[in-house]
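Residue numbers (our numbering), protein chains in the order written: chain A, 21 to 415; chain B, 47 to 239.
Here's the structure we're looking at; comments come further down.
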Amino acid sequence: MSIRERLSGNEAAAIAMKQINPDVVAAFPITPSTEIPQYFSTFVSNGTVDTEFVAVESEHSAMSACIGAEAAGGRAMTATSANGLSLMWEMIYIASSLRLPIVMSLVNRAVSGPLNIHCDHSDAMGARDSGWIQLFSETNQEAYDNLIMAHQIAEHKDVLLPLMVCQDGFITSHSIENIELIEDDKVKEFVGKYNPEHYLLNHKEPIAVGPLDLQAYLFEHKKQQADAMVAAKKVILEVSEKFEKMTGRKYGFFEEYKLDDAEVAIVCMNSTAGTSKATCDKLRAEGIKAGVLKVRVFRPFPAEEIAKVLSKLKAIAVLDKADSLNAAGGALFEDVTSGMFVNNIHVPTINYVYGIGGRDTTVNDIEKVYRDLEEIVKTGDIKNPYRYLGVRGDN
Amino acid sequence: MKDLIEIRWHGRGGQGAKTASLLLADAAFNTGKYIQGFPEYGPERMGAPITAYNRIGNNPITVHSNIYEPDFVVVVDDTLLESVDVTAGLKEDGALVINTTKDKDYLLSKLKGYKGGVYKIDARSISEEALGRYFPNTPMLAAIVKVSEIMSDEDFLNDMIGSFKHKFAKKPEVIEGNMKALEMALKQVEKVQ
């Protein structure tokens, strides 16, 4: 029997880490990190985990310590947010290029400035090209479930890439909500023991990690990273299927909500997907065929799969909680539309940048998006594909 | 109870409105409900106006936004009536609970013609009598449970004993006083309109 609980998203992530019981957690203990290391450090103090907790002096050191621990042959985890991730910048690329399956809980918050601590996805979007697998979570439940699945995905021999589990800062990280926890022994069995093939502390096989890698080799190593990201797709689905067998909770690359007969749909990630589902229900009661596609796996990006599902629609809005400031549209929008284009699918698609710096996104806001899509279906005229939702001084 | 109840809390930093919203979520959770309890984080300063929210439902709750049209509003500090539009969006078939000793005329004059239920409670005197100190959040928690009818008094009190034992594991001497504050508040909440 699963355990019915009520937890904030931060608590849920910390409980997942407790049940995973990694060898090392290295994290910066105060803001801009999250409450997650704080909760986890109490498990360490109480002896409920065996983890070596390294309270580092900066986020750069947090990632460096995780790299050291993982290269040595241990299982390492960390948690951060916003500018904390920014300070890890140099090291997150090193983690992925050294093929170290570190797992991070990333609570999505705005990268300053001006100074803002609230939710948007600018931190995660900055890391989208760093070679980390990125899973997004609508709820505390999904943040927990994704973390439980993380090591099985990241440590798979065909993958060996670091992985970050994202959830919305404050909106889910600080909201108490219902959750179903998995029993400790089941998590332990699911996550399994970490048996790296090559590691620094193996005295029978002396190796060097991270030496000079110039013109003769780096390109091939990058190709291997790219291949691993492709291979991760299959592994993610396999692990998700195994997870469904244990919990009954089904996960894929994305969730399709009422898309079967939908004519207009919203594509988005994290908590706004829930608000979009509620809006979708409201509009369906009025006879509007609305749907939602919630992206769970952003890296690797399931371009072809998403394009195929969207092909039946008459108009689509992609919601980005970070602007790429490229005068063209947000990162999710560009990935979705390029995926459609290369798969020869051409459905009118518009982009909304929304919720920046914690601006609340309500059912009314989402309803406006669906109404705009209805208008595009009626007139066939996209007008402006790159829009802002709920910003003052617009329209 | 309706299928979904939405509650907005107005308090001042340090009065425990956030904690009260989390305790209410806890109590409703323990009676089998789906819950959300979340504060609106801003610059956190003692005495600054703060807002917290609850959604309590019979079905899973997917909306993740603040609450703009609450069924109930709790005002933990009546000085906020001078500066915050506490009835903004409040449903006419809902109600407002205010921690105050002010009279009906004053209260109604601050509520912009709100036609729904208005309740008051003197959380200060209850808290000072039961706890010896001013912690308005415990009486206000009981008051909103009473007014919103989310659960019976008995279920609420039984559940809160457990919550307080957990919350005050390191200072069990305050549990009795907190329970007394809840019991007094359930009896003393008074309908103004």
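Think of the CB as a built atom: it goes at the ideal place given N, C-alpha and C, for glycine as much as any other residue.
From a predicted model like this one, the values you see are computed outputs, not experimental measurements.
Review point. Is the stretch 281 to 288 of chain A touching the stretch 302 to 316 of chain A, taking contact as three or more C-beta pairs under 8 Å?
Key: yes
Review point. Just the Cα atoms here: how many angstroms apart are B:Asp-149 and B:Ile-190?
Key: 20 Å
Practice item. Return the chain-ordered list of same chain residues with a C-beta closer than 8 Å to the C-beta of A:His-241, the five sequence neighbours on each side being excluded. Key: Ser-117 and Asp-233
Exercise for review: Taking only runs that begin and end inside the stretch 266 to 297 of chain A, name each unbroken beta strand (DSSP E) of 3 or more residues, in chain order.
Suggested key: 274 to 277 and 284 to 288
Point to revise | Residues that A:Glu-197 contacts on chain B, provided the C-beta gap is smaller than 7 Å | key: Ile-81 and Gln-82
Point to revise | Cβ shell of B:Ala-98 (< 6 Å), same chain only, five flanking positions each side left out | key: Trp-55, Ala-63, Lys-64, Ser-67 and Pro-85
**Study point:** Bridge-paired residues (DSSP) for A:Val-44
**Key:** A:Glu-72 and A:Ala-96
Check your understanding: What is the residue span of the beta strand (DSSP E) that B:Gly-83 lies within?
Key -> 80 to 86
Check your understanding: What's the gap between the Cα of B:Asn-183 and the Cα of A:Gly-29?
Key -> 24 Å
Exercise for review: Flag B:Asp-205 as yes if its beta-carbon sits less than 8 Å from any beta-carbon of chain A, otherwise no.
Suggested key: no
Exercise for review: Quick one: measure Cβ to Cβ for A:Leu-135 and A:Ser-22, integer angstroms, because I've assumed they're closer than 8 Å.
Suggested key: Not quite, the Cβ-Cβ distance comes to about 40 Å (not below 8 Å), so this is no contact.
Point to revise | Contact belief for A:Tyr-277 with A:Gly-93 at Cβ below 8 Å, rounded distance in angstroms | key: Rounded, the Cβ-Cβ distance is 42 Å, inconsistent with contact.
Point to revise | Separation of A:Gly-212 from B:Asp-131, as counted between CA atoms | key: 54 Å
Review point. With a cut-off of 8 Å, does the C-beta of A:Ser-291 fall near any C-beta of chain B?
Key: yes
Check your understanding: Do you know how far the Cα of A:Asp-281 is from the Cα of B:Gly-163?
Key -> 44 Å
Check your understanding: Tell me the DSSP bridge mates of B:Trp-55?
Key -> B:Ala-98 and B:Val-120
Review point. Got a sec: which bits of the stretch 85 to 118 of chain B sit with their beta carbon under 8 Å from any beta carbon on chain A, in order along the chain?
Key: Pro-85, Tyr-87, Pro-106, Ile-107, Thr-108, Val-109, His-110, Ser-111, Asn-112 and Tyr-114
Exercise for review: Pick helix, strand or coil for B:Lys-237, following the three-state DSSP scheme.
Suggested key: strand
Exercise for review: Determine, using beta-carbon pairs with one atom in the stretch 28 to 42 of chain A and one in the stretch 55 to 65 of chain A, whether at least three such pairs fall under 8 Å.
Suggested key: yes
Practice item. Look at the Cβ atom of A:Ala-32, then the Cβ atom of A:Asn-160, and state whether they are nearer than 8 Å. Key: yes
Point to revise | Proximal chain B residues relative to A:Gly-151, where beta-carbon distance stays under 8 Å | key: Near A:Gly-151 there are no residues of chain B at all, since even the closest Cβ is about 30 Å away, more than 8 Å.
Point to revise | For A:Gln-58, three-class secondary structure by DSSP | key: helix
Exercise for review: Quick one: using the 10 Å Cβ neighbour count with 16 as the cut-off for buried, is B:His-212 buried or exposed?
Suggested key: exposed
Check your understanding: Looking at the C-beta of B:Phe-202, does it have a partner C-beta in chain A at a distance below 8 Å?
Key -> no
Review point. Is it the case that the Cβ atoms of A:Phe-330 and A:Val-367 are separated by a distance below 8 Å?
Key: Looking at the sequence itself, residue 330 of chain A is Leu, so the reference to Phe does not match. Going by C-beta atoms, A:Leu-330 is nearer than 8 Å to A:Val-367.
Review point. A:Val-207 lies in the alpha helix (DSSP H); which residues open and close that run?
Key: 204 to 211
Point to revise | Interface residues of chain A facing B:Asp-123 [CB-CB closer than 8 Å] | key: Within chain A, no residue comes near B:Asp-123; the closest Cβ sits about 22 Å away, beyond 8 Å.
Practice item. Return helix, strand or coil for A:Ser-78, following the three-state DSSP convention. Key: coil
**Study point:** Continuous beta strand (DSSP E) stretch holding A:Phe-156: start and end
**Key:** 153 to 157
**Study point:** Neighbour flag for B:Asp-72 against chain A, beta carbons, 8 Å
**Key:** yes
**Study point:** Identified DSSP bridge partners for A:Ala-337
**Key:** A:Ile-286 and A:Ile-370
Check your understanding: Exposed or buried, which one is A:Lys-341 when buried takes at least 16 other CB atoms within 10 Å?
Key -> buried
Review point. Does A:Phe-274 get closer than 8 Å to chain B when you measure Cβ to Cβ?
Key: no
Review point. When you compare only the Cα positions, how much space is there between B:Gly-93 and A:Ser-106?
Key: 33 Å
Review point. Does A:Val-315 come within less than 8 Å of chain B when only Cβ atoms are used?
Key: no
Check your understanding: How about B:Thr-75: is its C-beta nearer than 8 Å to some C-beta of chain A?
Key -> Residue identity differs from the one stated: residue 75 of chain B is Phe in this sequence, not Thr. At least one chain A Cβ lies under 8 Å of B:Phe-75.
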